[in-house]
Structures are given as C-alpha cells and as structure tokens.
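Down below is the structure, laid out as structure tokens.
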Amino acid sequence: MLFAVLSGFVLAALVPMLRSLSKDRIGWLLALLPAGLTLYFASFIPAISAGAIITQEWAWFPGIDINLSFLLDGLSLMFALLISFIGTFILIYAGSYLQGHKDLGRFYVIMLSFMASMLGVVLSDNLISLFVFWELTSITSYMLIGFNHEDADARKSALQGLFVTVGGGLALMAGLIMLGTLGGTYQISELMASSDSILTSSLTVGMILCILGGTFTKSAQFPFHFWLPNAMAAPTPVSAYLHSATMVKAGVYLMARLNPVLGEHELWTFMLSFFGAITMFVGAYLAYGATGVKKVLAYSTVMALGTLTMLIGIGTRYAMIAFAAFLLGHSLYKGALFMIAGILDHETGTKDLTKLGGLRKLMPVTATVAALAALSLAGLPPLFGFVGKELMFEAVLSASMLHIMLLGLAILSAMMVTAIALVIAIKPFFGTLQETPKHPHEAPIGMLAGPIALTFVSLLFGLMPFLASDWLVMAAVQSVSPTPIDYRLALWHGINLPLGLSALSLAGGLALFSVWQRNRGGVMAFNDRLARVGPEAGYFKFMDGVTGFAAWQTRVLQNGVLGKYMIVLIMVLVVLTGYPLVTQVGLSFTLRTAEVQFFEWTLVAVLIIAAVFAVFTRSRLGSVATLGVMGFMVSLTFILFSAPDLGITQVLVETLTVILLVLVLFKLPGFKRYSTRYEVWRDGSVAVAMGLLMMFLVMATIDVQLFETISGYYLDTSYPVAKGRNVVNVILVDYRALDTLGEIFVLAIAAMGVFSMLKLRAEANDEAK
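Position 231 of the sequence shown, counting from 1, maps to 231 under UniProt numbering, and the rest follow consecutively.
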C-alpha cells in the first residue's frame, strides 16, 4: 500500500517528460495508474468481504510511535476504490476538457499529487501520518482551485478554501495529538480497544471539539459550508473529483473511522446529528435557489455531506448501513453530474440553467446519462440512489436524539433535492432549443467515458444491489461497527414507512419543480439578504479584522524604526525573564561588602561616573572619551582578577575604537535634541529596567552552582592533553577551536568586504578623473 500511495507522487514527477512523448493523449496514458490501482484494490474485495483486515507498516519515527502504517478494511477499501476508479476517468476527462491548455502539465502534476495524498488519508493507520496526508490534500486542493491563477475569483476562492481547511487542520492536529496521548498510541487500529480511557478523561470534550473542527471544515459542514460552492471557480475536472467524490469526504471518512472510539460520547453524537441535519437542509435549500449548474451541484454536495455526517451521528445499525450506501451512491451520480456540467459548459459556452434548453436532439448521449444520474440524485428506482435514500429515511426513523427535527429536515431536504434533480435532468435538454454562445454538439469520448461508466455502475448497483452489498457496503459498515451486522441491500423491501416518506419527498419535489421558474427570483433575493449576515460574511469580516490588526501592528511595532525595535525586544526580555526571576527565585540577595577592597570600590565609582557623564554630556568627543574610560576600567578589572590577556585585548580594542570614533566624529556637527522629553524618559526607563535585570540575574547566579565548574577541567587538562600552559589560549585553539575558526572567518569576510568597497571607490574615482 505504501507503493500504491507513492506511485502517484512518482508519476506526477514524470508528467513533464510523458507529456512531451504522448502529446494530446497524456490523459489516457496517466489514467493507466489509477486504473491499475483500481484493479489492485479490487483484488482485496473477497478477503475484505470475508472480514479480513490487512495492515502494513514501515518505520518512520518509531521512537515517538510515528510510522508509515496502513490499514485496509471495508471502509478504507471503499474509499480507495472510489478514489482510483473515479480518478481514472477524471484524468481522461481532463485531457479533453483542457485540451490545448498551456498549463495542462501543471494540472496533472497537482491532480496526481492530490490523488496520492487522498489515498494516504484513507489508508493511513497512524494518526500523525494521516494528518500529513490530510494537509497535503489541502495544499494540492488550493493549487487546483486556483489553477486559473490569472482569474481573481479563482485566487480568492482558493485562498478561502485554504484558510478554512487549514485553520480546521490546526485544530485537528491538536485533537489527534490528544487522542493519541489519551489512547496511549497513535495507531488507529489499536485505539479501537482503548475507548473507555479516552471517553472518561477531562480532555475528552476539548479533543472532540478539535477533531470536529478539522472534519467540519474539510467536509463543509455548517457554518463552514460556504467555501465549497465558491471552490467551483476551479476547472470542472477539479470540481468533479475533489468536491464531490473525494476531498470533501475526507472529513466524513475520519468521522466514520473514529466513530467506534468516540461514538459513545453524547457530545460527539449530538454535534454530528445536529450540525449534519442543519447542513443537509441548508445545502438543499441553497441548491434550490441557484441557477448555475455547478453551483446547484455544489450545494447539493453540501446537502449530501450533511446527510452523511448526520447518519454517523445517529450511529444505529441502519444509520451506518445508510451511511455506506449513501456514500457510494452519491460518489457515483455526483461525479457523473459534475462531468455532465463540464460538458454543457464546454459545448454550449454557458453554465446558467436558465439559458439552456432543447439539447436532447443535439446531445442525445449526454441527455440520457444526465437523466439517469439526476434520477439517482432524486432517489428514484431502479438507480442506486433510491436504495441510499430509503435507508436514510429508515435510519432517521430509528434515531434516538432529535428525532422530530431530523425527520422534518430530512423530508424537506429530500423534496428540494428531488426538485433540483428534475431541473438538471429536464431544463437543459427539453423544451425549446435556446441560443447559446457555442453551437452545441456531442462531447468527445474522453469527456463522455466517465459519466457513462459512473452512471452504468449506479444503474447496475440499483438493479442488483446485492452486488454493492456483498462487495463494498457491508464490509465498510462492519469495519466501523463493534457488533456483527447481517443485512443485504435490496431494491424492494415492501410497502413500509420509509417507502411512504420516499414517495412523499418525490411528490413534494415535483411540486417544487413546477414552481421553480416562478419562485427562483424570490428565493435568490432572499438568499442574497441572508448572505449579508451569514457565515461567509463573518469570514470576510474576520479576514478584514486580521488584515486590519496586521496593518496596526506593522504601523506600531514594525515601522522600520530601530529604536522601537530595541525597546520592544528589551521589554519582552525584561518581562519574560524578570517575572520568573521575581516569582520563583526572589530578589533576596546577600551582599558581602566586607570582602570588597578599596581599589575595587574606586573602579566601580569611576565606571558609574563615566556612564552617567556619557549619558548627559552634549559633546560627542566627551561621550567617546568617557566610554573609553569605561572600557579601560573593565580591562583593569580583568587584570586585577588574573586575566591579563583579556585585559590587554580589551585595552587594544578600546584604544582603537576611541581613535576611530574621534577621527570620524570630530567632523560632525554638535548634538541636537531630536527626542521629546517623553521619549527621553521612556528610553531611560527601558535602559534602567534592562540594567536592573542583568544585575539581578548576575547576583542570582552567583549563589547557584548546579554542576561542578568546568574551569577545573581546563586547568587540569590544559598542559597534559593540549600541551599548553596558557589556559586561555588552549581553550581558544583546542577546546573551542571551531568557535575561534568561525570568528576568524567572520573577521576575514569583513576585511574582504571593506577591501572591496575601498577598491570599488578607488576605481570609481579613477573613472571620474
């Protein structure tokens, strides 16, 4: 499985070479990889259906329990097959849809990287490696949404999707770390056995909220649903793959994967049930009011994601069966419908449903496939969408929490989805032929292959649902259910309440469809008013606040004034160091003044007088002279305390510095007052605070001896080991040779820089002459 995941990244690196060889057939060539992966994963169906669980592991950071470990069970197998199978046709579709595009190679590089990252998410058995692949899907999704980077809307939508999903990803990282810490392991398969210790911890509530923050943003749950429809600025192959069948279901996958561990907690079940139902209804309502075919499909995808989240939250036997069946059915018909939307745009030049009509004679294959896929969206037999819809109603009827609310929202959502499915199936293809920017005609086989294949599988599973049940659905349910489940999908379960609710939703959908054209304007106007105070408006206000705060702190803190930088740095150091110094160490120090000699007091007095004079003098030369006095007093201190070499070095440095400063400063005008009185007192206070901090730190460390001093080691080994009697020289040349070598390099580079500038100036003077 590691090689299955990495193969996508390897092929992405080879795309530039392959494109030069295959030209316009690049999509068909690249599709061989996901097709092969489909066959590879399909070979596991018999074993997984029989209850087998396949794990593989490669060491990555074994010391901290982070490995590239993979788990293949029913749930991950279903997702892996959907990613590979649909990905095959997406690569073919993109080759025709973007034929001749100058950046087609870049598109395939990012798309293959995304595909590999998504496989890594659904196959990972380690929480940390799962998170790595999770973030890779966010990054590659950002690049795909903003693929048309010259379009301002595409850039804006890509950034919005990135900020929302990566922001949730940070919360998810914290949640996964807490989960691994509470469970004692980062292996998902091992966490299943430690749910009791996880659910009884004081960190459980925070952990659940963090995990749901990541999954809700990724799967566009209310109130984070707004980024998904805006992501339709991406090319249609991106919309068909990322935002219907794969990426947006990553959050749903993780919720289902962790449901056996967290499903017994009331917060988990309530949050998933409540927000899933709200998202389901909001998505269906917004889809009913939209006119762009991609926007309609995007909002209906939000509805489906909310439905899947709600079913996980309900968590009953029927709910999990409905979850797996609805997931499979939605991926098939929604992938086909998005590709149909791209065909309509590509062949007619418009995405607006109100400007399309009468295309069935010019595009008969497209019309037939669109009708079948839309009817599956509506939940009509004998398509597989009908099976998932009936199971959804049955699951809602068995809910133990928010029963009436969930049932009401499910019925209303099903009605609106039925209406928009009829709009998609009927409006573009029936009625009077509308004039479009392009003369419509049937799409090439590369664009039709995907919709035909996905619709055929949906029809096959609808007519023979036992195939989906035996191959995929029940194995996926069993992998996230703690108890064995014996159930087989069927198209007909007799006359019962779910069938009645399904019939009610169809009747309501027909009624809503009949008034869609008349009510569309009012619904859109109402939605526009809601948008001004909705979650997306909050997102833009938040981003404006962030940029406003950034501008303020740049103006105040990062304004290019070095003095203010120094003040901020010093005060941060004083606060962060001084607070623990006062609270943990204390300021009670013992001053042994009796041991201080008269000449030492004299040195201190001269240092203080020189420092005060340097601050208050109005003469540059006087200031330089007093600074030199301070340096000479420091060198005298070194000599008095048995460090003559340091003292001599200090004398040489101070002498040279004073001479250089005098040569420069005597040509400058006298001091002028540029600072206000407030600035003078402010700067003086900061300087005093820093000086007091350093004084107290030195005094605090005098009495602290945590380890034996290293000076004894230097004294004992200087001559026997390094053959040198001057201990300081031995330290510089032997014990700290690399440090000294670095200082030599710094001085040498500085000297070369000065020499180069002088030479450059001399050459410039020669040219001027």
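Think of the CB as a built atom: it goes at the ideal place given N, C-alpha and C, for glycine as much as any other residue.
Predicted model, so just to flag it, every value in this text is computed and none were measured.
Check                                                                                                                                                                      : Outcome
Could you pull the DSSP bridge partners for Trp58 from this structure?                                                                                                     : Leu68
Tell me the rounded alpha-carbon separation between Phe274 and Leu308.                                                                                                     : 12 Å
Which residue wins for smallest C-alpha separation from Ala13, given the options Phe70, Ala507, Val109 and Ala80?                                                          : Val109
Taking 7 Å as the limit between beta carbons, can you name the residues of its chain near Ala256, skipping five residues before and five after?                            : Leu75, Ile312, Phe323 and Val480
Rounding to the nearest angstrom, what Cα-Cα distance links Ala449 and Met232 in this structure?                                                                           : 22 Å
Which residues in the same chain as residue 790 place their Cβ atom closer than 6 Å to its Cβ, once the five residues preceding and following it in sequence are excluded? : It is not possible to answer for residue 790, since the shown part of the chain is limited to 1 through 769.
Flag this pair as yes or no: are the beta carbons of Gly357 and Gly431 separated by less than 9 Å?                                                                         : yes
If you follow the alpha helix (DSSP H) that Ser502 is in, where does it begin and where does it stop?                                                                      : Leu497 to Ser514
Determine the direct distance from the alpha carbon of Ile92 to that of Gly27, and round the result to whole angstroms.                                                    : 5 Å
Does the region 184-191 come within contact of the region 123-133, defined as at least 3 CB pairs closer than 8 Å?                                                         : yes
List the DSSP bridge partners of Asn126.                                                                                                                                   : Gln187
Per the DSSP calculation, Gly292 is bridged to which residue(s)?                                                                                                           : Asp352
Return the Cβ separation of Gly276 and Met303 in integer angstroms, given the expectation that the two are a contact with Cβ distance under 8 Å.                           : Going by Cβ atoms, the distance from Gly276 to Met303 rounds to 10 Å, so no, they are not a contact pair.
At what residue ranges does the region 427-498 contain a whole run of the alpha helix (DSSP H), taking only runs of 4 or more?                                             : 445-463, 465-468 and 474-479
Looking only at its own chain, which residues have a Cβ that is under 7 Å from the Cβ of Thr637, when we skip the five neighbours before and after it?                     : Leu603
Between Thr617, Ile343 and Phe224, which lies nearest to Tyr299 when the distance is taken from Cα to Cα?                                                                  : Phe224
Tell me the residue span of the alpha helix (DSSP H) that contains Gly712.                                                                                                 : Ser711 to Ala722
Less than 8 Å between the CB atoms is what I'm expecting for Thr279 and Leu305, so what's the real figure, rounded?                                                        : 7 Å
Quick one: grab the DSSP three-state call for Gly357.                                                                                                                      : coil
So, is Trp58 buried or exposed, given that buried needs 16 or more other C-beta atoms within 10 angstroms?                                                                 : exposed
Residue range of the alpha helix (DSSP H) that Thr554 falls in?                                                                                                            : Pro535 to Val556
Do you know offhand how far Gly183's Cα is from Gly586's?                                                                                                                  : 41 Å
Could you please give the first and the last residue of the uninterrupted alpha helix (DSSP H) stretch that includes Arg736?                                               : Segment: none, Arg736 is in no alpha helix (DSSP H) and carries neither H nor E.
Within the continuous alpha helix (DSSP H) that includes Met694, where are the two ends?                                                                                   : Arg677 to Ile702
Decide if Glu266 is buried, meaning its Cβ has at least 16 other Cβ atoms within 10 Å, or exposed.                                                                         : exposed
Distance check for Val572 and Gln478, CA to CA, integer angstroms please.                                                                                                  : 56 Å
Ignoring anything shorter than 4 residues, give me the alpha helix (DSSP H) runs that lie fully in the region 208-243, in order along the chain.                           : 227-230 and 236-240
Does DSSP classify Met392 as helix, strand or coil?                                                                                                                        : helix
Are Leu327 and Val252 close, meaning C-beta to C-beta below 9 Å?                                                                                                           : yes
Please report the distance separating the alpha-carbon of Val596 from that of Leu640.                                                                                      : 13 Å
If the criterion is Cβ atoms closer than 9 Å, does the pair Thr354 and Pro437 meet it?                                                                                     : no
Is the beta carbon of Gly8 less than 9 Å from the beta carbon of Leu119?                                                                                                   : yes
Give me the Cα-Cα distance between residue 778 and Ala737, rounded to the nearest whole angstrom.                                                                          : The structure shown does not extend to residue 778, since the chain is modelled only from 1 to 769, so the question has no answer here.
How long is the line joining the alpha carbons of Ala507 and Phe222, rounded to whole angstroms?                                                                           : 28 Å
State the Cα-Cα distance for the pair Thr657 and Met630, rounded to the nearest angstrom.                                                                                  : 12 Å
Report all residues from its chain with a CB closer than 7 Å to the CB of Leu37; omit the five preceding and five following residues, and keep chain order.                : Ala4 and Ser84
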